[in-house]
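> Numbering (our numbering), first residue to last: 185 to 522.
Sharing a structure with you now.
In structure tokens, the structure reads:
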């Protein structure tokens, strides 16, 4: 098959690679209908993570089941499925506790930007739709594989409740999804931190009541003004940098929680402030399968349209341009079609 590979920082190619195959009886092979580029894919692209030259990249996809292993019973060949980026058996003690992203049989999608992908725990992971969905639904269904579920996880971890004032740090696809999640959970006020007009527009469409364009101390001061010096009842940290985390804790009111889902890079927690202000931290890698049934219902009912985060669609063969567009912030999130 052909798939997107990474060879070095900035070196993305679409080339022939071995077809994925059934390796365990719990596996399934999915023919990819749509994949996409994640903000976390930019870490190795920018040289912030180690690169294994020639490895496939991409962990988000939806598609049609092509083949299943001998132990797969509920997933059927021909099903259109949403593929959580983190695979789980959905039966182990951690899965039963709602932490499917820490499953004892955890797997991660490896070639979501390719023609086929192997899912290591098909029955526990895959969620099928009722027949082939309309093409216009594909972007929103694809968003459920990671970014929408991750934004939702940030809101859950932060304890967002009806009537809350929520601050979302980060205006990438996950941050925008966090805005949508907070609004769906009934937050009275959702403050999106964004200095990019196209992202601000989506944030408002998703339910942001306020937008703060300033960053750092200026942004923190602006939020203090907006909240009469009290701070936010819940904060969603959707970036993963030290600056974003410091801002999140600065704008959090005493007794609140920061929900963090940005992959941490160089983060040092302000433990003394956390102690003095009783501000908690919760979150981590999103247990996508936990949230999928509810989020799928919301998409199918029209309650949410997370696919709006995709503002550029390219053929998969042009994935290198998709990486450049996201790296240069010319695109929020790129959808790729085989």
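By construction, the Cβ of each residue, glycine as well, lies at the ideal position given by its N, Cα and C atoms.
(1) Assess contact between the stretch 491-499 and the stretch 378-395, defined as three or more Cβ pairs (one per stretch) separated by less than 8 Å. Is contact present?
(2) Please name the residue in 198, 202, 189 and 467 whose C-alpha comes closest to that of residue 335.
(3) Comparing alpha-carbon positions, which option in 351, 227, 226 and 484 lies nearest residue 313?
(4) Please classify residue 272: does DSSP put it in a helix, a strand, or coil?
(5) Could you check the C-alpha separation between residue 264 and residue 190 for me, to the nearest Å?
(6) With burial defined as no fewer than 16 other Cβ atoms inside 10 Å of the residue's Cβ, what is the status of residue 261: buried or exposed?
(7) So what's residue 523 in DSSP terms, helix, strand or just coil?
(8) Below 8 Å between beta carbons: does that hold for residue 271 and residue 292?
(9) Can you name the start and end residues of the beta strand (DSSP E) that residue 215 belongs to?
(10) Closest to residue 344 by CA distance: which of 249, 369 and 327 is it?
(11) Distance, Cα to Cα, residue 418 vs residue 349?
(12) Under 8 Å, with one C-beta from each stretch per pair, do the stretch 248-259 and the stretch 448-460 reach the 3-pair mark?
(13) Please list the terminal residues of the continuous alpha helix (DSSP H) segment that includes residue 337.
(14) How many angstroms separate the CA atom of residue 231 from the CA atom of residue 238?
(15) Run the CB neighbour count on residue 224, radius 10 Å, all protein chains shown included, and call it buried at 16 or more, exposed below.
(16) Quick check: the Cα distance between residue 289 and residue 273, rounded to an integer number of angstroms?
On the basis of the supplied data:
(1) yes
(2) Here residue 335 refers to the residue found at position 151 when the chain shown is read from its first residue. Nearest option by C-alpha distance: 467.
(3) Counting from one through the chain shown, the residue named residue 313 turns up at place 129. Taking only the C-alpha atoms, the option nearest residue 313 is 484.
(4) On the chain shown, position 88 is the one that residue 272 refers to. Residue state, collapsed to three classes: coil.
(5) Within the chain shown, the letter at position 80 stands for residue 264. Within the chain shown, the letter at position 6 stands for residue 190. Taking the straight line joining both Cα atoms gives about 28 Å.
(6) Mapped onto the chain shown, residue 261 falls at position 77. Exposed, since its Cβ has fewer than 16 Cβ neighbours within 10 Å.
(7) The question about residue 523 has no answer here: the residues shown for the chain are numbered 185 through 522.
(8) Your numbering for residue 271 matches position 87 in the chain shown. Your numbering for residue 292 matches position 108 in the chain shown. The answer is yes: Cβ separation under 8 Å.
(9) Working through the chain shown from its first residue, we reach residue 215 at position 31. Taken as a continuous stretch (DSSP letters only), the beta strand (DSSP E) holding residue 215 covers 212-220.
(10) Against the chain shown, residue 344 aligns to sequence position 160. The shortest C-alpha separation from residue 344 is found at 369.
(11) Translated into the one-based positions of the chain shown, residue 418 becomes position 234. Translated into the one-based positions of the chain shown, residue 349 becomes position 165. For residue 418 and residue 349, the distance between alpha carbons rounds to 7 Å.
(12) no
(13) By 1-based counting over the chain shown, the position of residue 337 is 153. Where residue 337 is concerned, the enclosing alpha helix (DSSP H) stretches over 331-342.
(14) In the chain shown, the residue the question calls residue 231 occupies position 47. In the chain shown, the residue the question calls residue 238 occupies position 54. The alpha-carbon atoms of residue 231 and residue 238 are separated by roughly 15 Å.
(15) Stepping through the chain shown from its first residue, residue 224 is reached at position 40. That one is buried.
(16) The sequence position of residue 289 within the chain shown is 105, counting from 1. The sequence position of residue 273 within the chain shown is 89, counting from 1. Residue 289 and residue 273: Cα-Cα distance of roughly 6 Å.
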